[in-house]
Every structure is written in C-alpha cells, then in structure tokens.
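Visitor:
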Amino acid sequence: MIKTVLCDLLGIEYPVLQGGMAWIADGRLAAAVSEGGGLGIVAAGNGSAERTREQVRIARSLTDKPFGLNIMLMSPHADEVAQMAAEEHIAVVTTGAGNPSKYMAMWKDAGIRVIPVVASVAMAKLMTRLGASALIAEGGESGGHVGELTTMVLLPLVCDATNLPVIGAGGIADGRGVAAAFMLGACGVQVGTRFLSAEECSIHPTYREKILKANDLCTMVTGKRLGHPVRSLRTSFARDYAKAEYSGMTDEELSGRASGAFPTAVRDGDLEKGCFLAGQTAAMVHKVQPAAEIVRELIEGAEPVLRGATQWVK
Ligand code: TUI
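Per our numbering, the sequence shown runs over residues 8 to 321.
Written out as structure tokens, the structure is:
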C-alpha cells in the first residue's frame, strides 16, 4: 500500500486529491472521494459564499472524514468565500487561478492547511515563504485554467524549489500517471478529469458521454487572447470561440460569448453554448464507477509500476 507524508499531513488513507472542478465538484462528489480514502474537494468556482457553504455542509453531512475547499481566485466572490472558509474551519483549502497571498495569514490563524496550485517556480517559492502546507504543481495537460508548463517539467522544478510536500496534477488518470508523478518527486496526486465519470459526479449526461467517448486529440486550449487560457473538449463551441479569438471581435464581444459557458455545459449539456472543461486524460476515462473505486484503482495501479521501475537498472 502506498503511504506518504501527505497522508499524515491531511489525515487521509491514500495520497489522492480530487481536483477542485468549478461548477462540478459539489458536496456529494467531495464526500464520496473522502469516504474512498482520498481528499474530496468542494469547489467554490464562481459561486457565492452562501452557495458554497451549503455544499460544504452537504459534504459534512455525508462524511466524517477530512475534505477540502477549492477557492477559484478569479471569482468575484473570492474574498467572501475565503472568509467563509475560515468561519467554517475547513480542514484544507486549495486555491487556483491566482495568487492567494492576501488570505494566507487569515487561513493559517483559522488552523486551515493551505495548498495552493502553483504554475511557476516563482509562485512555488512565494507560497513556501508564506507558510503553505504543501503545493500542487499543475501542468497544462489539465482541464480548466492552465499555465504555460507541462506537468513533466513543472513538477520536478517545483520539487527543487521547495521543501514542502508537492502534489502532481495535470495528465494523471491511472496508476501509471501516479507512479510517474512520484518518480518526478511528488508525494501525492490531484486528479480531476477521471472523476467526471464517478457515479457521484452530477454533470449532465451529455457531458459524461462526451468524456467517455473522447480520444487523444479531443481537447484544446482557448482563451489565450483574454489572458485566461482554458482547456476544454473540442466542441463546436470551442472551435467557434477559437476562430472568434483571431477575428476582428472586440475583447468585450469575446468575453460576452464565453459568459456562462461553464455552467451551461455542466447543467444543460448544451454543445453549442457550453464550454466542457476537461483535461487531456479524457481519452483515458472509459467507464462510470464509484469515486471510491477510482481512488483505489489509482493507488493500486501505481504499486506494480513503482515496484517494476528498477527493471532496466543493471
Ligand atoms: O484554477 C484552475 N483551474 C480552473 S479555474 C476554472 S474557472 C475559470 N473561470 C474564469 C476564467 C478561467 C477559469 C476552471 N479551471 N487550476 C489551477 C491553476 N492555477 N492552474 C493555473 C493556476 C495558476 C495560474 C497563475 C495559479 C497561480 C497563478 O499565479 C498568477 C499570479 O498571480 O502570479
């Protein structure tokens, strides 16, 4: 069985975090992952503090095990959600899409373990200095908001830049990916896309179907022109948006086109108007199964790979 310092740090059985997927990771999914021995995470996304608090309480009602809250720092509600996290004494806060420096002292005073996603070495060093408990190095294979670097490069660079436990993310969907992340210096993984096929994940059936049928080339990155690149399924919406980025459209017209596209995908499964966030590993997601089974498969699958890793060393 694989056990690392992350298990003791977070009070979990397996070093697997569920990604903080905006509009998707609700209390039900988070509780199911935590019940399965990983760390489930409720995502605040663009939601208000009160809406997010409801999901936190749902998670609490479904599990006694620790779970986390992901705060999307570009959200207009980030300040109030950050405050709510302190009030609720959330065990673990992960952050994404920005710099959480201004909240770190408040969270630490509330006894929260803070684990920011870092997309650069500079951010890794800053977060280490400000007292993060661990770091998530998330490469651009991931779904949603992406940085410049791949997991293969970012993860070892972040490990070299910090003495904190590092969690690898982006491009990990099975035991081989978990083992590879460990080889690069990680002591845990964060997995998002694979959980889109969890029984407890409440996305629209069309979204789930598109993930199950996805192949290797079925995601693309859009949004670079406005400075918020996101990886999503290559749907007609994503293709049209990509074309619009290189047309004469103004920035306002362009951002109007994307407005509401994430929740539209999750709730309505609308292929014309929705943006279906997904990582490159969508091609590796083949069946619907309980979240706890996914957690177990990730860890059990990594063991033989890690044991066999010395086979070429003579
Ligand atoms: O945050 C994510 N993934 C996301 S957020 C999201 S919702 C969204 N809404 C509007 C526009 C864009 C996205 C969907 N998926 N992953 C974690 C992540 N964080 N990836 C990259 C980063 C990141 C980027 C820059 C973290 C820190 C950072 O620092 C910039 C700075 O301020 O120096």
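Quick reminder that beta carbons are idealized off the backbone N, C-alpha and C, glycines included.
(1) Who does R120 pair with in a DSSP beta bridge?
(2) So, L133 versus M111, is the Cβ gap smaller than 7 Å?
(3) Going by the DSSP bridge assignment, what does L238 pair with across the sheet?
(4) From the DSSP output, read off the bridge partner residues of I74.
(5) Just to check, is the beta-carbon of M130 closer than 6 Å to a non-hydrogen atom of ligand 1?
(6) Just to confirm my understanding: we take F283, look at its own chain, exclude 5 residues before and 5 after, and list those with CB closer than 7 Å. What are they?
(7) With contact counted as at least three CB pairs below 8 Å, one residue from each stretch, are the region 217-232 and the region 46-55 in contact?
(8) Would V160 count as contacting chain D if we go by Cβ distances under 7 Å?
(9) Are at least three pairs of beta-carbons, each pair with one atom in the region 18-26 and one in the region 190-203, less than 8 Å apart?
(10) What would DSSP say about I9, mapped onto helix, strand or coil?
(11) Is the beta carbon of I122 less than 7 Å from the beta carbon of S108?
(12) Under the assumption that L261 contacts R232 (Cβ atoms under 8 Å), give the Cβ distance between them as a whole number of angstroms.
(13) Indicate whether T229 and A251 have their beta-carbon atoms separated by less than 7 Å.
Guide: Straight from the coordinates:
(1) V99
(2) no
(3) Per the sequence shown, the amino acid found at residue 238 is Arg instead of Leu. According to DSSP, which records beta bridges pairwise, R238 is partnered with G151, V228.
(4) Per the sequence presented here, residue 74 reads as Phe, with Ile not at that position. Looking at the DSSP assignment, F74 forms a beta bridge with G47.
(5) yes
(6) Y214, K217, S239, L240, T242, A272
(7) no
(8) Any reference to chain D falls outside this structure, which holds one protein chain only.
(9) yes
(10) coil
(11) no
(12) 7 Å
(13) no
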